[in-house]
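Student: Chains as they are written, first to last, in the UniProt record's numbering: chain R, 1 to 354; chain X, 1 to 354. Note that the Cβ used here is the ideal one computed from N, Cα and C, for glycine as well. Only a predicted model underlies this, so the values are computations on that prediction, with no experimental measurement involved. Dumping the structure here so I can ask a few things about it.
Protein chains: 2
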Amino acid sequence: MPAHIDQLETPTVLIDVDRVEANLTRTQTYADAHGLKLRPHIKTHKLPRFAHRQVELGAIGITCQKLGEAEVMADAGIEDILLPYNIMGAEKLHRLRRLADRVTLAVTADSLATIEGYARAFANATAPLRVLVECDTGMGRCGVQTPDEALALAQAIDASPGLVFEGLMTYPPAGAPAAARAVLAAMAGALRDAGLPPTMISTGGTPDLWAAHETRIATEYRPGTYIYLDRYQVAKGVGTLDDCALTVLTTVVSRPTPDRAVIDAGSKALTSDLLGLSGHGLVMGYPDAVITGLSEEHGTIDLSASERKPAIGERLRIVPNHACPVSNLFDRVHLVSGEHVSATETVAARGRVD
Amino acid sequence: MPAHIDQLETPTVLIDVDRVEANLTRTQTYADAHGLKLRPHIKTHKLPRFAHRQVELGAIGITCQKLGEAEVMADAGIEDILLPYNIMGAEKLHRLRRLADRVTLAVTADSLATIEGYARAFANATAPLRVLVECDTGMGRCGVQTPDEALALAQAIDASPGLVFEGLMTYPPAGAPAAARAVLAAMAGALRDAGLPPTMISTGGTPDLWAAHETRIATEYRPGTYIYLDRYQVAKGVGTLDDCALTVLTTVVSRPTPDRAVIDAGSKALTSDLLGLSGHGLVMGYPDAVITGLSEEHGTIDLSASERKPAIGERLRIVPNHACPVSNLFDRVHLVSGEHVSATETVAARGRVD
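Here you go:
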């Protein structure tokens with residue numbers, strides 16, 4: 001196995017394990033200080049190794065966005081999983097039932113149709129399925145819109161023999177935690193008033209991680225990207241570039257003009273995610289270089305503002321705009337400490353689309 | 001195996017084999033009529049089955065953008081491969097040498113550094129490596145900028161014992177074939193004048209496919225997306241929506257408001273590629289529905305302009321903006337004829353990043 005990153009073929013993904021450890025510890029310490037339970041979202045790393053480490057450090061379980069990811073994590077011995085998704089379709093509900101037999105599981109619903117599916121699948125289950133109602137607190141994605149709707153669904157869950165009403169789940173919009181808190185509080189209030197107080201209130205998102213304790217009614221927080229951070233999270237002030245644990249190692253394969261470099265990392269390595277940022281990532285050591293364009297296998301860098309210009313054949317490390325989908329593009333990632341490669345990990349939950 | 005698309009779990013990828021056959025045949029017929037050799041780019045499908053079909057129909061070989069893709073295709077029995085990329089690094093050059101032992105191979109270079117790498121790797125090879133000079137004809141990515149540079153590299157290749165100068169390669173910018181032709185002609189002219197006439201002149205791109213015959217000096221054309229087409233190619237006029245062979249099958253998992261639907265296909269299924277389009281794909285049967293946002297596992301659809309509104313649990317088929325990176329996100333795709341599933345194929349060259 002290569003012992004130094006210079007021996008790796010490019011493009012590839014490097015995960016700085018020292019930064020991972022610091023990011024996990026810092027966040028767990030913060031959560032502990034505020035009596036908030038952490039349930040990390042594994043979509044960012046998709047690695048059983050890190051899911052176990054998160055639990056070892058104090059997380060009460062993990063969050064998976066897809067059933068297929070949860071199955072991988074259950075296979076790897078993770079015992080407590082939240083699946084904050086409307087699981088629909090006969091085959092998926094069958095898989096969900098099997099998953100519930102081997103891990104402590106909770107799911108979400110934002111419609112009667114979803115609840116009816118769960119109820120059918122768990123009608124004769126030995127243990128009921130714990131179901132949270134998903135609330136739209138401003139994200140504009142899934143979730144009930146009003147306290148009345150939240151209550152109606154909670155009552156429907158409560159009335160289903162195979163189900164138990166567990167609480168509320170939301171994914172608040174980045175940068176608007178106060179507004180989201182107000183909506184969530186109204187939903188929770190309606191449930192309490194109706195005699196169905198939520199046991200679990202789960203919120204999440206790395207961008208507003210350091211304000212998590214201000215959502216006082218929340219019992220759990222589901223950050224994902226905090227383990228690696230990325231250019232977007234740095235822009236949001238969650239950490240610094242020196243905290244970013246995931247980088248894409250790439251080679252300059254062309255220097256066609258004095259001001260242009262082309263690297264062997266394109267959208268198939270960095271993704272096209274911009275997240276409102278300008279440019280497709282940050283070149284470490286070349287702060288004034290701008291990744292202006294990506295095609296699938298090429299990244300084009302404008303060096304006109306950069307005094308130093310990388311040479312052809314030089315290797316660069318790119319902090320991507322968004323770390324999570326990068327993990328999904330690589331079968332394997334390399335764990336590094338500085339420039340030393342300590343292990344190569346298969347991204348076990350990569351590509352679990354369903 | 002499921003026999004009908006209704007039995008498939010979502011999200012997943014459907015490939016309409018009748019449309020594939022029509023797209024391949026139409027393009028091969030066009031190329032044959034103009035005496036142009038086709039060398040399809042397999043990045044779009046990444047499937048040995050379709051690479052073989054392309055060759056059966058008359059393609060003279062295939063194009064792969066990455067060494068890893070070429071290795072998969074060589075394993076599958078494809079015998080003639082163009083790798084239009086600067087292959088750099090000791091391990092990759094070693095792999096390139098091994099690949100050249102089992103297929104008819106050509107590569108490209110746009111710098112002395114790349115040529116020197118090839119020359120070292122093939123110094124004592126029994127058969128020389130065929131090298132084309134990559135030209136920048138307006139794309140602004142890799143490639144030499146002037147006829148003088150093209151000539152200097154051709155001479156360097158010609159002077160290297162293990163290499164043979166084969167010709168010119170370009171990827172012209174979409175929508176500007178005439179300007180690209182002029183640049184390419186100037187490069188080729190300089191080489192002919194210097195006694196190094198290019199044997200092979202390779203150009204490509206599906207957007208300008210139907211103007212391919214107008215580049216009279218080109219000997220080969222490398223279209224990729226023509227096999228599936230997609231929303232971008234339809235916008236460019238290459239075909240119609242009824243020609244699009246790749247769709248993402250997805251389920252409406254939430255209808256949180258009268259005008260909003262959320263599907264289980266997000267950027268992990270559709271990619272974030274916009275390619276200058278508005279919206280993240282086209283919903284078949286709902287021409288006025290707009291996919292306004294994607295997160296990794298959710299797609300948000302605005303139905304305010306759509307008279308018909310899909311119900312929760314309904315399955316939708318999405319024509320993506322860009323088909324090629326979608327192929328790279330799925331381990332398997334389903335071949336369909338109408339709504340009948342005829343086969344499930346492993347995307348053998350998926351994720352071959354290096």
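Find the residues of chain X that neighbour Cys324 of chain R, judging by a C-beta separation of less than 7 Å, and give them in chain order.
Tutor: Within the first sequence, numbered from 1, the residue matching residue 324 of chain R stands at position 324. Glu296, listed in chain order.
Student: For the segment 245-257 of chain X and the segment 62-74 of chain X, state whether three or more C-beta atom pairs, one from each stretch, are separated by less than 8 Å.
Tutor: The segment 245-257 of chain X is not in contact with the segment 62-74 of chain X.
Student: Going straight from the alpha carbon of Leu168 of chain R to that of Asp16 of chain X, what length do you get?
Tutor: Here the question's residue 168 of chain R lines up with position 168 in the first sequence. Here the question's residue 16 of chain X lines up with position 16 in the second sequence. Using only the alpha carbons, I get a separation of about 41 Å.
Student: Would you list, in chain order, the members of the segment 136-155 of chain X that have their beta-carbon closer than 8 Å to a beta-carbon of chain R?
Tutor: Correct list: Asp136, Gly140, Arg141, Cys142, Gly143, Val144 and Gln145.
Student: Applying a beta-carbon distance threshold of less than 7 Å, which residues of chain X neighbour Gly313 of chain R?
Tutor: Position 313 of the first sequence holds residue 313 of chain R. Residues of chain X passing the Cβ test: Met88 and Ala113.
Student: Comparing the C-beta of Lys309 of chain R with each C-beta of chain X, is any distance below 8 Å?
Tutor: To locate residue 309 of chain R, count along the first sequence from 1; it is residue 309. No, no contact with chain X.
Student: Just to confirm the assignment: which complete alpha helix (DSSP H) runs, minimum length 4, are found wholly within the UniProt domain "D-serine dehydratase-like" (245-337) of chain X?
Tutor: Here the runs fully enclosed are 267-270 and 323-327.
Student: Taking the DSSP output, what are the residues bridged to Leu83 of chain R?
Tutor: Position 83 of the first sequence, counting from 1, holds the residue named residue 83 of chain R. Answer is R:Val107.
Student: What is the DSSP secondary structure of Val144 of chain R, reduced to helix, strand or coil?
Tutor: Along the first sequence, one-based indexing puts residue 144 of chain R at 144. In this structure, Val144 of chain R counts as strand in the three-state DSSP scheme.
Student: Identify the continuous alpha helix (DSSP H) that holds Gly237 of chain X and give its terminal residues.
Tutor: As a working note, residue 237 of chain X is residue 237 in the second sequence. No alpha helix (DSSP H) contains Gly237 of chain X, which DSSP labels as neither H nor E.
Student: Any C-beta of chain X sitting closer than 8 Å to the C-beta of Phe50 of chain R?
Tutor: In the first sequence, counting from the first residue as 1, residue 50 of chain R sits at position 50. Not an interface residue.
Student: To the nearest angstrom, how far is it from the Cα of Thr44 of chain X to the Cα of Gly224 of chain X?
Tutor: Here residue 44 of chain X refers to the residue found at position 44 of the second sequence. Here residue 224 of chain X refers to the residue found at position 224 of the second sequence. About 6 Å.
Student: Spell out whether any CB of chain X is found under 8 Å from the CB atom of Thr251 of chain R.
Tutor: Position 251 of the first sequence, counting from 1, holds the residue named residue 251 of chain R. Chain X, which has a Cβ nearer than 8 Å to the Cβ of Thr251 of chain R, makes this yes.
Student: How many Å lie between Thr203 of chain R and Thr29 of chain R at the Cα?
Tutor: Indexing the first sequence from 1 puts residue 203 of chain R at position 203. Indexing the first sequence from 1 puts residue 29 of chain R at position 29. Approximately 18 Å, taken between the alpha carbons.
Student: DSSP three-state label for Val72 of chain X, please.
Tutor: Here the question's residue 72 of chain X lines up with position 72 in the second sequence. DSSP places Val72 of chain X in helix when its eight states are reduced to three.
Student: Which bits of chain X does Gly351 of chain R rub up against, with CB to CB less than 9 Å?
Tutor: By 1-based counting over the first sequence, the position of residue 351 of chain R is 351. The answer, in chain order, is Lys268, Leu329, Phe330, Asp331, Arg350 and Gly351.
Student: With a threshold of 8 Å between beta carbons, is Lys46 of chain R in contact with chain X?
Tutor: Walking along the first sequence from the start, residue 46 of chain R turns up at place 46. Not an interface residue.
Student: Residues in the same chain with beta-carbon distance under 7 Å from Gly266 of chain X, minus the five sequence neighbours each way, listed in chain order, please.
Tutor: As a position in the second sequence, residue 266 of chain X is number 266, starting the count at 1. Cβ within range, chain order: Leu294, Ser295, Glu296, Glu297, His298 and Gly299.
Student: In the DSSP output, what is Cys135 of chain R paired with across the bridge?
Tutor: For the purposes of this step, residue 135 of chain R is taken as the residue at position 135 of the first sequence. DSSP, once it has assigned bridges, lists R:Val144 and R:Thr170 as partnering Cys135 of chain R.
Student: Of all the options X:Ile263, X:Glu149 and X:Gln145, which has the alpha carbon lying nearest to the alpha carbon of Gly143 of chain R?
Tutor: Counting from 1 along the first sequence, the entry for residue 143 of chain R is found at position 143. Ranking X:Ile263, X:Glu149 and X:Gln145 by Cα distance to Gly143 of chain R puts X:Ile263 first.
Student: Run the CB neighbour count on Asn124 of chain R, radius 10 Å, all protein chains shown included, and call it buried at 16 or more, exposed below.
Tutor: Residue mapping note: residue 124 of chain R aligns to position 124 of the first sequence, counting from 1. When all chains shown are included, Asn124 of chain R counts as exposed.
Student: Using only the alpha-carbon positions, how far apart do Leu38 of chain R and Ala51 of chain X sit?
Tutor: Taking the first sequence and counting its residues from 1, the one referred to as residue 38 of chain R is at position 38. Taking the second sequence and counting its residues from 1, the one referred to as residue 51 of chain X is at position 51. Roughly 48 Å between the two C-alpha positions.
Student: Considering just the uninterrupted stretch of the alpha helix (DSSP H) at Glu56 of chain X, what are its terminal residues?
Tutor: Sequence index remark: in the second sequence, residue 56 of chain X carries index 56 (1-based). Counting along the chain, the alpha helix (DSSP H) containing Glu56 of chain X begins and ends at Pro48 to Glu56.
Student: Is the Cβ of Glu345 of chain X closer than 8 Å to any Cβ of chain R?
Tutor: Locating residue 345 of chain X in the second sequence gives position 345, where the first residue counts as 1. For Glu345 of chain X, the answer is no, since every Cβ of chain R falls outside 8 Å of its Cβ.
Student: Is any beta-carbon of chain R found at less than 8 Å from that of Val238 of chain X?
Tutor: Residue 238 of chain X sits at position 238 when you count from the first residue of the second sequence. No, Val238 of chain X does not count as interfacial toward chain R.
Student: Which same chain residues, not among the five before or five after Pro84 of chain X, have their C-beta less than 6 Å away from its C-beta?
Tutor: Along the second sequence, one-based indexing puts residue 84 of chain X at 84. Once the five neighbours on either side are set aside, the close Cβ partners of Pro84 of chain X are Thr108 and Met169.
Student: Look at the Cβ atom of Val72 of chain X, then the Cβ atom of Arg352 of chain X, and state whether they are nearer than 8 Å.
Tutor: To locate residue 72 of chain X, count along the second sequence from 1; it is residue 72. To locate residue 352 of chain X, count along the second sequence from 1; it is residue 352. Yes, these two residues count as a Cβ contact at 8 Å.
Student: Taking the DSSP output, what are the residues bridged to Met200 of chain R?
Tutor: Taking the first residue of the first sequence as position 1, residue 200 of chain R is located at position 200. Paired residues: R:Gly167.
Student: Assuming Pro207 of chain R contacts Ala174 of chain R (C-beta within less than 8 Å), just tell me the rounded distance between them.
Tutor: Sequence index remark: in the first sequence, residue 207 of chain R carries index 207 (1-based). Sequence index remark: in the first sequence, residue 174 of chain R carries index 174 (1-based). About 4 Å; that satisfies the 8 Å criterion.
Student: Give me the Cβ distance between Ala218 of chain R and Leu36 of chain R, rounded to the nearest whole Å; I'm assuming they're in contact under 8 Å.
Tutor: Reading the first sequence from its first residue, position 218 is the one you call residue 218 of chain R. Reading the first sequence from its first residue, position 36 is the one you call residue 36 of chain R. That belief holds up - the Cβ atoms of Ala218 of chain R and Leu36 of chain R are roughly 7 Å apart, short of 8 Å.
Student: In terms of alpha-carbon separation, which member of X:Val164, X:Arg141, X:Ile115 and X:Gly189 lies closest to Asp148 of chain X?
Tutor: As a first step, residue 148 of chain X must be located in the second sequence, where it is residue number 148. Answer by Cα proximity: X:Gly189.
Student: Nearest to Pro172 of chain X by CA position, among X:Val183, X:Phe165, X:Leu163 and X:Gly162, is which residue?
Tutor: Locating residue 172 of chain X in the second sequence gives position 172, counting from the first residue. The candidate whose alpha carbon is nearest that of Pro172 of chain X is X:Val183.
Student: Beta-carbon of Arg39 of chain R versus every beta-carbon of chain X: anything under 8 Å?
Tutor: Taking the first sequence and counting its residues from 1, the one referred to as residue 39 of chain R is at position 39. Cβ-Cβ to chain X under 8 Å: no for Arg39 of chain R.
Student: Suppose the cutoff is 7 Å on Cβ atoms and the five residues either side in sequence are ignored; what does the same chain contact list for Leu57 of chain R look like?
Tutor: Mapped onto the first sequence, residue 57 of chain R falls at position 57. Taken in chain order, the residues that qualify are Leu24, Thr25 and Gln28.
Student: Let's test the definition: count the other Cβ atoms within 10 Å of the Cβ of Pro2 of chain R and tell me whether it reaches 16, buried, or not, exposed.
Tutor: Reading the first sequence from its first residue, position 2 is the one you call residue 2 of chain R. Pro2 of chain R comes out exposed.
Student: Using a C-beta cutoff of 8 Å, does Asp259 of chain X count as contacting chain R?
Tutor: Here residue 259 of chain X corresponds to residue number 259 of the second sequence, with the count starting at 1. Answer no: the Cβ-Cβ gap between Asp259 of chain X and chain R never drops below 8 Å.
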